[in-house]
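These notes concern the structure reproduced below.
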């Protein structure tokens, strides 16, 4: 008679080889679902996944299937077909994913499987967003999970679900529904600003430009990121408001350090300059084209059409984007300074992380100490600064904020 308690202790101690020998002996004595589940657990612990999958088929023919036996098989399927970075063929991968979903109602393996399936589907050249949505709706119970997070994860599963689901809805043109779920997510995850960003993009996509503008501007007040400025610049350009559009475009260009991410903003800037200062449009436009050509990226018809209208001036030809990069960013800094000249004032109040400036026009303007250059700020000290729109979260209204604060 096999000592199953000793075998169980070996398995708990991850001594799978020794435990497996004992469980095999017990199985040969009398097939049992609990022993079968333990054998599969040991085989999986040893990385013998094919053998574990094969043994499950033998077990269900020899004994009554129990929830534990099913669970062990579910985790075997997950480890063999779902979890690996490189999945098997798409058809086999989806077949095994469906098997997992059919075998268990346990949310953990179901959500891990659904998340992996949606990752795979979303990476396809032409994603089936309806299928992505359907898979996410199959694990909608994630919505009511607690929001605690494993320290090793970047996102809680609940936030990941909201992120994926709102994206799928937006891709399907379900803009109002996506905005509704973005609102739900913002109420749960107060600092997850990408939901506010997605909601604003959905407002724009459905043609509600006024709401989109209001939401972009409010977002900049609490989450001043380059891509929000880029989106707002594009919206303002659509509205024919070229001066503020350029200000946000160059702000995006100067704030983002990754050229591959921001290169499209140079084309937008060129489009704006074509209306406001045509002789300058060629520089960001030509830089945009050279940068994409060097990486083998396609050049859109809209870009080529604008290039015909604004050719490179004689003597300004460049052999590569690197020759123009410093010039085009210097122009961005110049245009930014012209559109947003510095103001003068003095420090009226100074706290650990923020303060207020009393400007020459008599207004008191909030600033964050993180936006200051130099550490010698003190009450009464003269400063120069620029002003941007912001959002007062306490008073829940638009406001102004000083930035680029320097000792005068």
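Numbering (this note's numbering), first residue to last: 1137 to 1544.
We treat Cβ as the ideally placed atom computed from N, Cα and C, and that holds for glycine.
- In the DSSP assignment, residue 1441 falls within the unbroken alpha helix (DSSP H) covering 1437–1445.
- When DSSP assignments are scanned along the region 1348–1384, the uninterrupted stretches of alpha helix (DSSP H) that are 4 or more residues long and fall wholly within it turn out to be 1362–1374.
- Cβ neighbours of residue 1263 within its own chain (closer than 7 Å, five residues either side excluded): 1257.
- If you compare the alpha carbons of 1375, 1202 and 1255 with that of residue 1171, the shortest gap goes to 1202.
- In the structure shown, the three-state DSSP call for residue 1338 is helix.
- Residue 1189 sits close to residue 1212, with the two beta carbons spaced by under 9 Å.
- A residue is called buried when at least 16 other Cβ atoms come within 10 angstroms of its Cβ; residue 1208 meets this threshold and is buried.
- CA-CA distance, residue 1139 to residue 1210, rounds to 27 Å.
- A straight-line Cα-Cα distance of about 8 Å links residue 1367 and residue 1352.
- Burial state of residue 1466 is exposed, judged by a 10 Å Cβ sphere holding fewer than 16 other Cβ atoms.
- Between the beta-carbon of residue 1250 and that of residue 1265 there is about 15 Å, and that puts the pair past the 8 Å contact cut.
- Secondary structure note for residue 1177: its alpha helix (DSSP H) is the uninterrupted segment 1169–1181.
- In this structure, residue 1505 keeps its C-beta atom at 9 Å or more from the C-beta atom of residue 1544.
- Look at residue 1506 here: in three-state DSSP terms it is helix.
- Shown here, residue 1303 sits in a helix according to DSSP, grouped into three states.
- Boundaries of the beta strand (DSSP E) harbouring residue 1480: 1479–1486, taken from the DSSP string.
- In this structure, residue 1486 places its C-beta atom within 9 Å of the C-beta atom of residue 1513.
- Proximity of the region 1272–1280 to the region 1294–1312 meets the contact definition, three or more beta-carbon pairs being nearer than 8 Å.
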